[in-house]
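Here's the structure, in structure tokens; my notes come after.
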Amino acid sequence: MKTILKPAITQRLAFGILFLITLIVVIPVVLIVAVIVVKGLPAINWTFLTDMPREGMKAGGIFPAIIGTFYLVIGAIVFALPLGVMAAIYLTEYAKQNLLTRMIHLAIVNLAGVPSIVYGLFGLGLFVLLFKMGASLLAGSMTLAIMILPVIITSTRESLMAVPQGFREASLALGATKWQTIRLCVLPYALPGILTGTILGVGRAAGETAPILFTAAAFYLPNLPESVFDQVMALPYHLYVISTQIPGLNLSLQYGTALVLMVLVLGMSLLAIIIRWRFRRNKKW
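Here this note's numbering is used: the first residue of the sequence shown is 342, the next is one more, and so on.
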């Protein structure tokens, strides 16, 4: 009897502890989201979302910051996604697995943990000063692309390695070339994992302040950028400015800006999740 009850009690205890840990993690997140929604909703209206800022950002809307954030994220993905996928394909499918490739992989993993302020200083030195792009949309997008590149490379590499080796062997046995095998037999099945890395990159790129602080963001711009060499407003930096640099501002405007940023990030992530789900549904293994 004891040998039967003891594992059952241990299992229930383990489930209880795991459930408690889950609550400890989830409840603060739910509370934070609830506070932002409750305090931010009064500020959300058509004028707030579509007007240009006025009177030093004490009036008007946040339309340039919304568009600027969208431009920066899209620019970062345009630069980072092709480079990250190609680098992962080379490291997984072409490069010999030796000490050098293991060191490269370790370096990529470590780069994912570098503080964002370091990437901002790197972008300032390389793109803004050395390449003389100035503080611009292009410099900011490329800095964010470098920041999310390790995440995309790592997730793509893991996804490629998860595709069964038999797929490659069968394709090569039928006379396909190495590239045809990768393009037609490996990448389609690795695509959900690649999109997972992209989702993580989008979330980080949209919410970072430090990299764009040095390379792209402007304090107050009541107009939209006309070229990739113009400065832009961005929601993370805009939120920082109105929270710390503008005294007497209505608190609901700060929470409203945070709510818009949260919805924008969640919307982009949801779109990528839907695309990933459609590809994952076609998996046959």
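Glycine residues also receive a C-beta, built at the ideal position from the N, C-alpha and C atoms.
- DSSP, read as helix, strand or coil, puts Val371 in helix.
- In this structure, Gly597 keeps its C-beta atom at 8 Å or more from the C-beta atom of Gly425.
- With at least 16 other beta carbons inside 10 angstroms of its own, Pro405 counts as buried.
- Nearest neighbour of Asn591 by Cα position, chosen from Val374, Leu361, Phe389 and Thr351, turns out to be Phe389.
- Distances from the alpha-carbon of Trp387 to those of Val370, Gly401, Leu513 and Val378 put Gly401 closest.
- Counting only residues of its own chain and dropping the five nearest sequence neighbours on each side, Gly461 has a CB closer than 7 Å to the CB of Thr484, Ala551, Pro552, Leu554, Phe555 and Thr556.
- In this model, Gly544 and Lys347 are separated by some 44 Å (Cα to Cα).
- CA-CA distance, Leu580 to Ser477, rounds to 19 Å.
- Ala517 sits away from Gly409, with the two beta carbons spaced by 8 Å or more.
- Straight through space, the alpha carbons of Leu602 and Ala547 are spaced by roughly 8 Å.
- Within the same chain, no residue comes within 8 Å of Ile365 by CB-CB distance, once the 5 residues on both sides are set aside.
- A Cβ-Cβ contact shorter than 8 Å links Ala486 with Phe420.
- The Cβ-Cβ distance between Pro563 and Arg443 does not fall below 8 Å.
- Taken in chain order, the complete alpha helix (DSSP H) segments of 4 or more residues contained in the region 476-556 are 478-503, 506-514, 519-522, 528-548 and 551-556.
- Selection Ile458, Leu532, Ser584 and Ala599 evaluated against Arg617 yields Leu532 as nearest (Cα-Cα).
- For Gly397, no pairing in a beta bridge is given by DSSP.
- According to the DSSP secondary-structure assignment, Ala599 is paired through a beta bridge with no residue.
- Contact between Ile358 and Ile430 fails: their C-beta atoms lie close to 42 Å from each other, not under 8 Å.
- Distance from the CA of Gly416 to the CA of Pro456, rounded to the nearest whole angstrom, comes to 21 Å.
- A Cβ-Cβ contact shorter than 8 Å links Gly542 with Ile493.
- For Trp520, the closest alpha carbon among the candidates Leu452, Gly507, Thr539 and Tyr435 is that of Tyr435.
- When secondary structure is reduced to three states using DSSP, Ala558 falls in the strand class.
- Judged by their CB atoms, Gly464 and Phe570 are not nearer to each other than the 8 Å cut-off.
- In chain order, Ala551 place their CB closer than 6 Å to the CB of Ile458, counting only its own chain and leaving out the 5 sequence neighbours on each side.
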